[in-house]
Structure formats: C-alpha cells, structure tokens
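One structure is given here, and the rest of the page talks about it.
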Amino acid sequence: MSSEISVQVETSADLDGTETYVVPLSSNLSGAQGSVNFLLFVRDNSKLPTPDKSTGIKIVSCIEVNDTNPLNNLSLTLQNSGKPLVDMVILFSSNINYNAQTGKVIVTHNPNITHILENKEKYLKPLKDKGMKVILSILGNHDRSGVANLGPAAAKQFAQELKATCEAYDLDGVFFDDEYSSYQTPVPPGFVTPSRQAAARLCYETKQAIPDKLVIVYVYSRTDNFGGTNAIPEAQAGEYVDYALHDYLGSAELDARYPGLPKSRWGMRSGEYAQGRYPSATQLRSIRTGGYGAHMIFAFDPNRSNWSTGTTSARQLPALQNIAVELFQDVLVFDETHKYAKDW
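Residue numbers for the sequence shown follow the numbering used here, so the first one is 8 and each next one is one higher.
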C-alpha cells in the first residue's frame with residue numbers, strides 16, 4: 008500500500024499566474040527495483056487578480072448568451088478601487104436532456120453556448136484573467152428530464168457529466184435552474200416524482216463530484232427550498248450549496264430554506280436588465296447593511312436600446328451605477344472600448 012506524500016513548490020515572481028507549469032518528479036522506490044517518474048502540473052493562483060471588493064459582496068452577472076457577448080462584463084469597473092464590478096459570470100444556459108438511445112440524462116448546449124465554450128480562449132479566458140469565475144447554467148429543455156426528477160443513481164451519473172464538462176472547458180461551477188422541463192405523469196422509468204428533495208440530491212451529488220467548484224441554485228421552483236422535509240440525510244444544504252440567488256427583487260430570508268448557508272452566500276434583490284426590473288437604491292443599500300453577500304444582475308447588455316436612453320427608470324446604466332454606490336460606496340466606470348457585440 009502506498010503512502011501519501013506532500014510536495015512543496017516555491018514559485019518565482021517572474022512566473023505568469025495565468026499559465027500552468029509542469030514540474031518533473033522522480034521517486035526512487037525503497038526496497039524495490041527502479042524508479043517512478045511523475046509530472047506535477049502547477050498554477051500559482053496567488054498571482055491571479057481578484058475582483059474582491061471592500062464590502063465582500065459578490066456581483067453575479069447572468070448573461071443571456073443567445074443575445075449577448077459575455078465579454079461585456081469587462082466593461083464595468085469601479086473608479087476608486089479599480090476592481091471589476093462583476094465577480095462571477097453565469098452562461099445562460101446549457102440544458103439537461105434525456106437521451107432516448109441510452110436512457111440517460113446528458114448535458115446539451117445550444118449553438119450559442121457551444122460557440123462560446125469551443126472558443127473559450129476568446130470569450131472566457133479574458134474574464135478569468137480578471138479573476139471572474141465562469142459558471143455554466145443548467146436548465147430544463149422541454150423533455151421528461153429536469154434538475155428535480157433524477158433518482159440517486161441518475162443524479163450521480165449526471166453529476167459526472169457536469170464534472171467532465173467543467174473540466175473540458177475550465178469552468179468554475181454550475182448554476183441550477185428548475186424551469187422549462189416537461190415533467191411527465193405517470194413518472195417515466197428511470198425518473199422520480201419531481202421534488203425539491205430530488206433537486207437537493209442532484210446539487211449534493213454535483214458538489215461531491217466537483218468539490219473545488221461552485222454549486223449555485225436559483226431560489227425558484229423546486230430549487231427554492233432544501234430545508235425541512237425537502238432535506239436529504241447526507242448533509243444540510245449549506246454543505247453542498249455555495250450560493251442561493253433570489254428571483255427578481257426577492258428578499259425573503261433563506262436560513263430555513265438552505266440550512267447552514269450563511270447570509271454571505273445569499274443573493275438578494277436580483278435585477279432583470281432586459282425588462283427594466285431593478286432594485287431601488289434603498290433596496291440595494293439593505294443588502295449591504297443587512298450583511299448579505301451577493302446580488303445577481305440578469306441579461307445586462309450595453310448594446311441594448313435601454314442601456315442609457317428611454318425612460319429613466321428602465322435604463323440599465325443608472326441601475327448599475329446604483330450598485331456601485333450602494334453596495335461598494337464607489338463610482339461605476341463604463342469602458343466603451345470593452346463594449347462587445349455578439350460576433351458569432
């Protein structure tokens with residue numbers, strides 16, 4: 008039986024924190040003939056920039072990639088701190104689908120998501136180079152499968168699909184949204200009755216599969232409550248959910264819905280930027296003064312007609328300026344040179 012060993016690597020100030028380096032290792036086996044050679048892959052994350060800001064509040068930008076280039080998140084910074092406004096970018100959305108040939112559920116991507124993932128050096132690496140996390144949304148897609156009707160074995164299998172996807176495209180986690188599934192009655196073979204507990208189990212299995220990545224849920228439909236009778240016996244929600252993001256303008260306390268998840272991981276008063284549904288300055292301020300830790304902006308796009316024209320209350324830019332002031336006591340800087348049209 009082999010024993011665990013630890014390897015300490017000291018990095019040079021000259022190394023690029025965005026690159027992965029290979030360290031060759033050789034071990035002479037005691038009491039045995041020959042040696043074993045290894046390759047250790049190392050990245051110095053201490054050199055990466057971070058969007059962490061003074062109040063600790065995370066801004067989660069959920070981008071509708073059917074319409075919007077995710078690189079637009081580079082256009083928003085804070086004047087005093089110089090930090091990016093956005094901490095995490097959710098790519099909305101990939102899907103969960105049923106494969107009738109194999110009888111299993113799989114991850115699928117529409118052409119827009121596919122283009123972005125297959126060109127991650129162009130569309131995702133610039134975000135990650137600024138310290139932003141890139142998260143893949145998983146949404147139902149009008150068939151019998153969904154995030155809330157997988158049995159234990161199917162949940163474990165789908166979690167491995169998600170792990171492979173995250174590894175293939177260097178993604179930082181998964182966002183679960185229980186919408187647009189066509190759950191069937193009677194329940195088809197291989198599935199269970201849709202429930203919050205089944206959704207909780209999928210989140211748990213996903214966290215088991217990707218413990219170093221983020222598992223985020225939308226506080227909506229069957230991902231809106233993993234407490235009480237919805238709980239699974241293996242763990243409480245705070246052990247496998249990293250963030251819970253409210254539906255638009257939602258502000259209900261989440262401690263009973265996700266036991267063990269601290270307020271610093273609750274996303275409050277989310278805004279909808281295509282329809283002009285924004286929290287007021289007072290509502291934003293309550294996020295900071297209440298000790299909450301996240302806020303989601305959905306479908307922000309500086310190329311849309313409501314960016315800075317039209318009815319004042321419907322404009323995107325003033326809503327984002329309010330975020331800078333109320334959550335970070337700073338001033339928003341919008342960089343026109345980082346305004347990107349959808350180019351695919």
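Every residue, glycine too, gets a C-beta built ideally from N, C-alpha and C.
Just to confirm the assignment, what range does the alpha helix (DSSP H) spanning His122 have?
Start and end: Pro118 to Glu125.
Who pairs with Ile223 in a beta bridge, going by DSSP?
Paired residues: Phe182 and Tyr250.
What is the rounded straight-line gap between the Cα of Ala62 and the Cα of Trp273?
Reading the sequence as shown, one finds Thr at residue 62 and not Ala. Approximately 14 Å between the Cα atoms of the pair.
Note down the Cα distance separating Phe99 from Asp136, rounded to an integer number of angstroms.
Looking at the two C-alpha atoms, the distance is approximately 21 Å.
Can you check the stretch 277 to 343 for any alpha helix (DSSP H) of at least 4 residues that lies completely inside it and give the ranges in chain order?
Listed in chain order, the complete alpha helix (DSSP H) runs (minimum 4 residues) inside the stretch 277 to 343 are 288 to 296 and 323 to 335.
Of the choices Ser82, Gly245 and Glu168, whose alpha-carbon is the least far from that of Ala348?
Closest option to Ala348, Cα to Cα, is Ser82.
If you check the beta carbons only, do Ile355 and Asp249 fall under 7 Å apart?
In the structure as shown, the chain begins at 8 and stops at 351. Residue 355 is therefore absent and cannot be evaluated.
Quick one: residues in its chain with C-beta nearer than 7 Å to the C-beta of Lys111, no 5 flanking neighbours on either side, listed in chain order?
Gln164, listed in sequence order.
Express the C-alpha separation of Ile103 and Met95 in angstroms, rounding to a whole number.
Distance between the alpha carbons of Met95 and Ile103 is about 22 Å.
Determine the closest residue to Glu186 out of Ala242, Ser277 and Ala206, with distance taken between C-alpha atoms.
The shortest Cα separation from Glu186 among Ala242, Ser277 and Ala206 belongs to Ala206.
Measure how close the beta-carbons of Tyr280 and Phe305 come, nearest whole angstrom, since I'm counting them as under 8 Å.
Right, their Cβ atoms sit about 6 Å apart.
What separation, rounded to the nearest whole angstrom, lies between the Cα atoms of Ser188 and Val181?
Roughly 18 Å between the two C-alpha positions.
Going by alpha carbons, who is nearest to Lys220 out of Ala238, Glu246, Pro201 and Arg229?
That would be Glu246, whose Cα lies nearest to the Cα of Lys220.
Let's see if you can read the secondary structure: which residues bound the beta strand (DSSP E) around Thr192?
Where Thr192 is concerned, there is no enclosing beta strand (DSSP E), given that its DSSP letter is neither H nor E.
Taking 6 Å as the limit between beta carbons, can you name the residues of its chain near His116, skipping five residues before and five after?
So the list reads Ser101, once near-sequence residues are dropped.
Assign Thr18 to one of two classes, buried (16 or more other C-beta atoms within 10 Å of its C-beta) or exposed (fewer than that).
Exposed, since its Cβ has fewer than 16 Cβ neighbours within 10 Å.
Could you give the distance in angstroms between the alpha-carbon of Met8 and the alpha-carbon of Ala259?
Because the pLDDT at Met8 is just 46, under 50, the model does not fix this residue reliably, and the value given afterwards should be weighed accordingly. Straight-line Cα distance between these residues: approximately 52 Å.
Can you tell me which of the three DSSP states Met8 falls into?
Note that Met8 scores a pLDDT of 46, beneath 50, so its modelled location is shaky; the value from the coordinates is reported in the next line. Reduced to three states, the DSSP call for Met8 is coil.
Going by the CB atoms, is the gap between Gly234 and Ser271 shorter than 7 Å?
No, Cβ-Cβ distance for Ser271 and Gly234 is not below 7 Å.
May I ask you to list the residues that DSSP assigns as paired with Leu268?
DSSP, once it has assigned bridges, lists no residue as partnering Leu268.
So Val114 and Gly158 are in contact, right, with Cβ under 8 Å, and what is the actual spacing, rounded?
18 Å between Cβ atoms; not a contact.
Does DSSP put Ser202 in a helix, in a strand, or in coil?
If DSSP states are grouped into helix, strand and coil, Ser202 belongs with coil.
Counting along the chain, where does the beta strand (DSSP E) carrying Thr115 start and finish?
Run containing Thr115: Lys111 to Thr115, per the beta strand (DSSP E) assignment.
Asp308 to Ile70, Cα distance in whole Å?
Cα to Cα, Asp308 sits roughly 8 Å from Ile70.
Enumerate in chain order the residues of its own chain whose CB-to-CB distance from Asn79 is below 8 Å, with the five nearest sequence positions on each side excluded.
Answer for Asn79: Ile70, Phe307, Asp308, Pro309, Asn310, His345, Lys346 and Tyr347, listed in chain order.
Determine the extent of the alpha helix (DSSP H) in which Thr84 is found, giving its start and end residues.
Careful: Thr84 lies outside any alpha helix (DSSP H), inside the beta strand (DSSP E) at Leu83 to Leu85.
Buried or exposed: Ser312, going by 16 or more other Cβ atoms within 10 Å of its Cβ?
Ser312 should be labelled exposed.
Are Asn119 and Val67 closer than 7 Å when you measure CB to CB?
Contact flag unset, no.
Nearest to Met275 by alpha carbon, out of Leu256, Ser320 and Val16?
Looking at the Cα atoms, Leu256 is the closest of the given residues.
Would you tell me roughly how many angstroms separate the C-alpha atoms of Pro269 and Ile97, rounded to the nearest one?
Rounded to whole angstroms, Pro269 to Ile97 spans 21 Å at the Cα level.
If I measure Cβ to Cβ from Glu168 and keep anything under 7 Å in the same chain, skipping five residues before and after, which residues do I get?
Closer than 7 Å at the Cβ level, and outside the excluded window around Glu168, lie Ile113 and Val114.
For Gln86 and Gln328, I'd like the C-alpha separation in whole angstroms.
One C-alpha to the other measures close to 11 Å.
For my contact list, Ile239 and Gln204 are in at a C-beta cut-off of 8 Å; report their separation, rounded to the angstrom.
Going by Cβ atoms, the distance from Ile239 to Gln204 rounds to 6 Å, so yes, they are a contact pair.
What whole-angstrom Cβ distance do Met303 and Ser277 have, given they're in contact under 8 Å?
4 Å between Cβ atoms; contact.
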